[in-house]
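Chemist: Structure below; questions to follow.
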Amino acid sequence: MLYFAYQCQDDLMEPIRAAAAGALDYWGDWARAGGLPGSRRMAAQWEMVSRMRMSHHRPDYGITSVTTGNREATVTEEATYSTPFGTLLRFRKDVDIVQPKVLLVAPLSGHFATLLRATVRTLLADHDVYITDWHNARDVPLSAGRFGFEDYIEHVIRFLEVLGPGANVIAVCQPCVQVLAATAIMAEDDNPATPKTMTLMAGPVDTRVNPTKVNELATSKPIRWFEDTLLASVPARHRGGGRRVYPGFVQLMAFMSMNMERHVKQHQALYDHLARGETAEAEAIKTFYDEYFAVLDLPAEFYIETVDFVFQRALLAKGELTFRGRKVNPKAIRRTALLTVEGERDDICALGQTVAAHDLCSSLRPFLKRHHMQVGVGHYGVFSGRKWEGQIYPNVRNMILANA
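Next comes the structure, spelled out in structure tokens:
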């Protein structure tokens, strides 16, 4: 009933949002120009009401060009390989030079891979960039089957095989565990597509270290509670009708509850900027929340297995994780250089949780291991913003160049 209740509420709100949007379209310019006392605030109210919704469609990446070397290169998106659950998306540049291939592995945690737009844009200057563009589970028909934790690992392996020998892999947040597991499996199998470098950024490799509120929530209830309370069936009107999912709107509410006061202040600030005609300031807030409110449903089995394997039992860290019946052995990684990155103020993946990968990859020689702890950033600052561009990215780029 969870998804049904959400859908009913959304349907009931639609005429109200449409009325506000219509008023804004018809009288907006006049109201913003101050046609009557208080008309700017009225226009701001219309816009705030029209924005009271979540989107279930992937936003555009919006990357059409990038500076490479001393010239501006045109960027086009190219679907290189697809399955029902995800697309290997390449950002092709019109350049003749050969650059290192990078697979950027996005989290499957309630938002679309476009959340890493800034990460892609920065990487593109020096690399041939591909991303795991995960699909919204509510749009995947039941006939496509299940998608669990092991299927995610299998996708990472397949995507790396499509890129071919010599590629590099970067995991952001949640998939650090799956990427480490995939690399270990490929190394043990002497797979020629085993990545040259593996960068793990702000990921829950060992959640027993410095547990955060996210970790405590995941361990505070038995796994059955998550199954009974947080999962729902997709309504029949959608292509994935009947599929069991962890709804993206539930994950968004969980994220927002961690910093609710901040989100309330931001929306109050948005209203004030709109009412005062401060377009640039308002646009910055709107751009952030357009992305933040674009939610993606997770396959139920993937969500439950992630909570169980990563957060409740820390199977990889304990040496107990298996893949298709075989034990995952990070010690098999001998030639893939490892870089881990953590943020000083990260309240989602705390200090120590990602660097734990170094102890697991004990067969790597010291010169193939690096760690960077970025001062003054939280979780999102690890992969976006000025410190990502100016201080973290140079470490990522140098690791890839040093092992090319």
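Per this note's numbering, numbering through the sequence shown is continuous, rising by one, with the last residue being 404. Each residue gets a CB set at the ideal place from its N, CA and C atoms; glycine is no exception. Just so it is clear, the structure is predicted and the values come from calculations on it, not from any experiment.
Three or more C-beta pairs under 8 Å: does that hold for the stretch 194 to 210 against the stretch 309 to 318?
Modeler: yes
Chemist: Below 9 Å between beta carbons: does that hold for R41 and L296?
Modeler: The residue labelled residue 41 in the question sits at position 41 within the sequence shown. The residue labelled residue 296 in the question sits at position 296 within the sequence shown. No, they are not a contact pair.
Chemist: Examine the Cβ distances between the stretch 281 to 298 and the stretch 35 to 55 and report whether three or more of them are shorter than 8 Å.
Modeler: yes
Chemist: Roughly how many angstroms separate the alpha carbons of M253 and K387, rounded to a whole number?
Modeler: Counting from one through the sequence shown, the residue named residue 253 turns up at place 253. Counting from one through the sequence shown, the residue named residue 387 turns up at place 387. Using only the alpha carbons, I get a separation of about 28 Å.
Chemist: Taking 8 Å as the cut-off, is the CB of S65 close to at least one heavy atom of the ligand FMN?
Modeler: Absence of the ligand FMN from the depicted structure is noted, as is the absence of any ligand whatsoever, leaving it without description.
Chemist: Identify, in the order they occur along the chain, each residue of the same chain with its Cβ nearer than 8 Å to the Cβ of F85, setting aside the five sequence neighbours on each side.
Modeler: For this step, residue 85 is matched to residue 85 along the sequence shown. So the list reads W134, H135, A137, V140, A144, F147, D151, H155, P299, once near-sequence residues are dropped.
Chemist: With a Cβ-Cβ cutoff of 9 Å, do L180 and A337 count as a contact?
Modeler: Translated into positions along the sequence shown, residue 180 becomes position 180. Translated into positions along the sequence shown, residue 337 becomes position 337. No, they are not a contact pair.
Chemist: Using a Cβ-Cβ cut-off of 6 Å (strictly less than) and excluding sequence neighbours within five positions of A73, which residues of its own chain qualify?
Modeler: For the purposes of this step, residue 73 is taken as the residue at position 73 of the sequence shown. So the list reads V66, K93, D94, V95, once near-sequence residues are dropped.
Chemist: Give the range of the beta strand (DSSP E) segment to which G86 is assigned.
Modeler: On the sequence shown, position 86 is the one that residue 86 refers to. 86 to 93 is the span of the beta strand (DSSP E), which, as asked, contains G86.
Chemist: In terms of residues, what are the limits of the alpha helix (DSSP H) holding T183?
Modeler: Locating residue 183 in the sequence shown gives position 183, counting from the first residue. Here the alpha helix (DSSP H) through T183 covers 176 to 188.
Chemist: Just list the residues that DSSP pairs V310 with in beta bridges.
Modeler: As a working note, residue 310 is residue 310 in the sequence shown. Per DSSP, none; premise fails for V310.
Chemist: Taking the continuous beta strand (DSSP E) assigned at N406, which residues delimit it?
Modeler: For residue 406 there is no data in the structure shown, the boundaries of the chain being 1 and 404.
Chemist: Can you grab the Cα-Cα spacing for the pair I348 / K213, in whole Å?
Modeler: Numbered from 1 along the sequence shown, position 348 holds the residue referred to as residue 348. Numbered from 1 along the sequence shown, position 213 holds the residue referred to as residue 213. Approximately 7 Å, taken between the alpha carbons.
Chemist: Look up M260 in the DSSP assignment and give the residues it is bridged to.
Modeler: Mapped onto the sequence shown, residue 260 falls at position 260. According to DSSP, which records beta bridges pairwise, M260 is partnered with nothing at all.
Chemist: Per DSSP, what kind of secondary structure is R32 in: helix, strand or coil?
Modeler: The count along the sequence shown starts at 1 and reaches residue 32 at position 32. Here R32 sits in helix by DSSP.
Chemist: Check whether the stretch 271 to 278 touches the stretch 330 to 346, counting contact only when three or more Cβ pairs, one atom from each stretch, lie closer than 8 Å.
Modeler: no
Chemist: Taking just the CA atoms, how far does L103 sit from E47?
Modeler: Position 47 of the sequence shown, counted from the first residue, corresponds to residue 47. Position 103 of the sequence shown, counted from the first residue, corresponds to residue 103. Counting only the Cα atoms, L103 lies some 39 Å from E47.
Chemist: Given a threshold of 16 other Cβ atoms within 10 Å of its Cβ, counted over all protein chains shown, does Q9 qualify as buried or as exposed?
Modeler: Looking up residue 9 in the sequence shown gives position 9. Burial call: exposed.
Chemist: Which first and last residues belong to the beta strand (DSSP E) in which D290 is found?
Modeler: Residue mapping note: residue 290 aligns to position 290 of the sequence shown, counting from 1. Here D290 belongs to no beta strand (DSSP E); instead the alpha helix (DSSP H) covers 279 to 292.
Chemist: Check each candidate in A118, A79, A33, H267 and name the one with the smallest Cα separation from G390.
Modeler: For the purposes of this step, residue 390 is taken as residue 390 along the sequence shown, with counting starting at 1. Taking only the C-alpha atoms, the option nearest G390 is A118.
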